[in-house]
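What follows is one structure encoded as structure tokens, with my remarks underneath.
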Amino acid sequence: MSTRSPDFTLAAGPTTVSARVLAAQGSPVTYHYDPAFLDRFRTLGELVGKVYGTTNDIILMQGEAVLGLEAAVVATVRPGMKVINLANGPYGKGMGYWLVAHGAEVVEVETGFREVPTPEMIEAAVLANPDAEMLAVVHVETPCGTVSPLKEIGEICRRNGIVSLVDAVASLGGVEIQPDEWGLDICVSAPQKCLGGPSGMSLLAISQQAWDLIAKNPNAPRDSFLSILDWKSKWLEGGKFPYTPSVSDVHGVIAACEQVLEEGVAEAVRRHHRTAAASQAGVLAMGLELWPLDPATAANSATAVKLPDTLTDEQVRDHIRHRYGVMISGSLGAGNLVRIGHMGETARSLYPIIGLAALGRGLRDLGHDVNLGKGIDAAMAALSDAPNL
Ligand SMILES: *Cc1c(COP(=O)(O)O)cnc(C)c1O
253 MSTRSPDFTL
263 AAGPTTVSAR
273 VLAAQGSPVT
283 YHYDPAFLDR
293 FRTLGELVGK
303 VYGTTNDIIL
313 MQGEAVLGLE
323 AAVVATVRPG
333 MKVINLANGP
343 YGKGMGYWLV
353 AHGAEVVEVE
363 TGFREVPTPE
373 MIEAAVLANP
383 DAEMLAVVHV
393 ETPCGTVSPL
403 KEIGEICRRN
413 GIVSLVDAVA
423 SLGGVEIQPD
433 EWGLDICVSA
443 PQKCLGGPSG
453 MSLLAISQQA
463 WDLIAKNPNA
473 PRDSFLSILD
483 WKSKWLEGGK
493 FPYTPSVSDV
503 HGVIAACEQV
513 LEEGVAEAVR
523 RHHRTAAASQ
533 AGVLAMGLEL
543 WPLDPATAAN
553 SATAVKLPDT
563 LTDEQVRDHI
573 RHRYGVMISG
583 SLGAGNLVRI
593 GHMGETARSL
603 YPIIGLAALG
613 RGLRDLGHDV
623 NLGKGIDAAM
633 AALSDAPNL
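291 is the number that my numbering gives to position 39 of the sequence shown; each next residue is one higher, with no gaps.
Structure (structure tokens):
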């Protein structure tokens, strides 16, 4: 296996970052209490709020999004508290393990990993559990390439007085999300997916209802790396850092947010959608199967492709990387599939064609015949129908 850098990173995050983000990452490293850095950190909070389109509090934590997700769980969950968990993929399942570990009484809504729960299923679960205080949902289950009906889920939660906890890691900047209009209480995202930034920060948006729930939890950590409350009291209310942020990452994430805001968040979402639609059309025309059973639930941020039983995801992924210099993602335990990422920089132009060509020809190299020409033709037709404005 070559250890030369890949020519194309079409993984489902971290993904290729722009020259502008790379350059920003190389900004001088200053003392974190330097007034210039304090100003930059404040600016980042404002930019993240704009990308989310929310007036909720923004908490920026220094660690890949798993930090923000775990911090949200430990802040909210009291022993015996009832939580509805939508477990339609590996991240949803993982959320369930955390909830249980912290003493929640968890009601799981399961569909299998090739589907997402419908609003009717969720409404039924909520009505059957009127004492539930929180509902956890993964907006885009990246390992499955599926997107959940988050608008309806948020509205159901709001109508029933339930705090929603949303893993928006693989959606912010690539799939529409409206925390305020849809009533999403805790959103956790990250820069290294659709925003096209560096991995290393958790970007949270927290509503007053969520703070009220956290206030009821005597176990919510304080003076801890996992503490959201530290960031609220020290940074939001006191302008002091509970611990030192990664100065370089902050500069990089600012550049990534500025780029998305200059383009317009809605336009960035449209671009991710266009790329994913071309990729999905190509997969089907090649004679392959999408992993999501209902194409309407296929996500903008990654196309998950079911593999024939004769091949494993690692075999296909590694072959494509080795022979063509293209890095796609394996399955992360969701099933026998590979994923072509459409995130940030790679959600534009002919990136989906590169992914399809490498995958299609790679499968043929490995003995599984596909109609590569038809796949490329269909993907190009989809791109041509929705020009790159
Ligand atoms: C990428 C991602 C995360 C971040 O977790 P890692 O496992 O460290 O990549 C969390 N949730 C979702 C849905 C993601 O796509």
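All C-beta atoms in this analysis are idealised placements derived from N, C-alpha and C, irrespective of residue type, glycine included.
Original post:
Cβ of Glu372 within 8 Å of Cβ of Asn340?
Top reply: Against the sequence shown, residue 372 aligns to sequence position 120. Against the sequence shown, residue 340 aligns to sequence position 88. In this structure, Asn340 does not lie closer than 8 Å to Glu372 by Cβ.
**OP:** In the DSSP assignment, find the alpha helix (DSSP H) that holds Arg411 and state where it starts and stops.
**Re:** Locating residue 411 in the sequence shown gives position 159, counting from the first residue. Here the alpha helix (DSSP H) through Arg411 covers 402-411.
**OP:** Verify the contact flag: Asp419, CB atom, against every heavy atom of ligand 1, threshold strictly below 7 Å.
**Re:** Start at 1 with the first residue of the sequence shown, and residue 419 comes out as number 167. Yes - ligand 1 has a heavy atom lying nearer than 7 Å to the Cβ of Asp419.
Subject >> Residue burial classification, Tyr603 (beta-carbon count within 10 angstroms, cutoff 16) >> reply: Stepping through the sequence shown from its first residue, residue 603 is reached at position 351. Around the beta carbon of Tyr603, 16 or more other beta carbons lie within 10 angstroms, which makes this residue buried.
**OP:** Please work out which residues of its chain come closer than 7 Å, Cβ to Cβ, to Lys492, disregarding the five sequence neighbours upstream and downstream, and give them in chain order.
**Re:** In the sequence shown, the residue the question calls residue 492 occupies position 240. So the qualifying residues of the chain are Lys486.
Original post:
If you scan the segment 426-454 from start to end, which runs of the alpha helix (DSSP H) of 4 or more residues do you find wholly inside it?
Top reply: 431-434
Original post:
Given a threshold of 16 other Cβ atoms within 10 Å of its Cβ, counted over all protein chains shown, does Leu589 qualify as buried or as exposed?
Top reply: Translated into positions along the sequence shown, residue 589 becomes position 337. Buried, because 16 or more other Cβ atoms sit within 10 Å of the Cβ of Leu589.
Original post:
Between the segment 381-399 and the segment 326-343, do three or more beta carbon pairs fall short of 8 Å?
Top reply: yes
Subject >> Beta bridge counterpart(s) of Leu338 as assigned by DSSP >> reply: Residue 338 sits at position 86 when you count from the first residue of the sequence shown. Partner residues in the beta bridge of Leu338, as assigned by DSSP, are Val361.
Original post:
Given a threshold of 16 other Cβ atoms within 10 Å of its Cβ, counted over all protein chains shown, does Asn308 qualify as buried or as exposed?
Top reply: Here residue 308 corresponds to residue number 56 of the sequence shown, with the count starting at 1. Under this definition Asn308 is a buried residue.
Subject >> Classification of Arg474 by the beta-carbon crowding that lies within 10 angstroms, buried from 16 upward >> reply: By one-based count along the sequence shown, residue 474 stands at place 222. Per the 10 Å Cβ criterion, exposed.
Original post:
Between which two residues does the beta strand (DSSP E) harbouring Ser416 extend?
Top reply: Working through the sequence shown from its first residue, we reach residue 416 at position 164. Run containing Ser416: 415-419, per the beta strand (DSSP E) assignment.
**OP:** Write down the C-beta distance between Ser454 and Ala609 rounded to the nearest angstrom, noting that I regard them as a contact closer than 8 Å.
**Re:** For the purposes of this step, residue 454 is identified with residue 202 of the sequence shown, where counting begins at 1. For the purposes of this step, residue 609 is identified with residue 357 of the sequence shown, where counting begins at 1. In this structure, Ser454 and Ala609 do not form a Cβ contact; the two beta carbons are roughly 35 Å apart against a cut-off of 8 Å.
**OP:** Have a look at Phe289, Val326, Gly265, Ala586 and flag the residue whose alpha-carbon is nearest the alpha-carbon of Ser498.
**Re:** Locating residue 498 in the sequence shown gives position 246, counting from the first residue. Of the candidates Phe289, Val326, Gly265, Ala586, the one whose C-alpha sits nearest the C-alpha of Ser498 is Phe289.
**OP:** Measure the beta-carbon distance from Leu424 to Leu447 and round it to whole angstroms, keeping in mind my assumption that it falls under 8 Å.
**Re:** Mapped onto the sequence shown, residue 424 falls at position 172. Mapped onto the sequence shown, residue 447 falls at position 195. Correct: roughly 6 Å between the Cβ atoms.
Original post:
By how many angstroms is the C-alpha of Gln460 removed from the C-alpha of Ala467?
Top reply: Residue 467 sits at position 215 when you count from the first residue of the sequence shown. Residue 460 sits at position 208 when you count from the first residue of the sequence shown. Those two C-alpha atoms are separated by around 10 Å.
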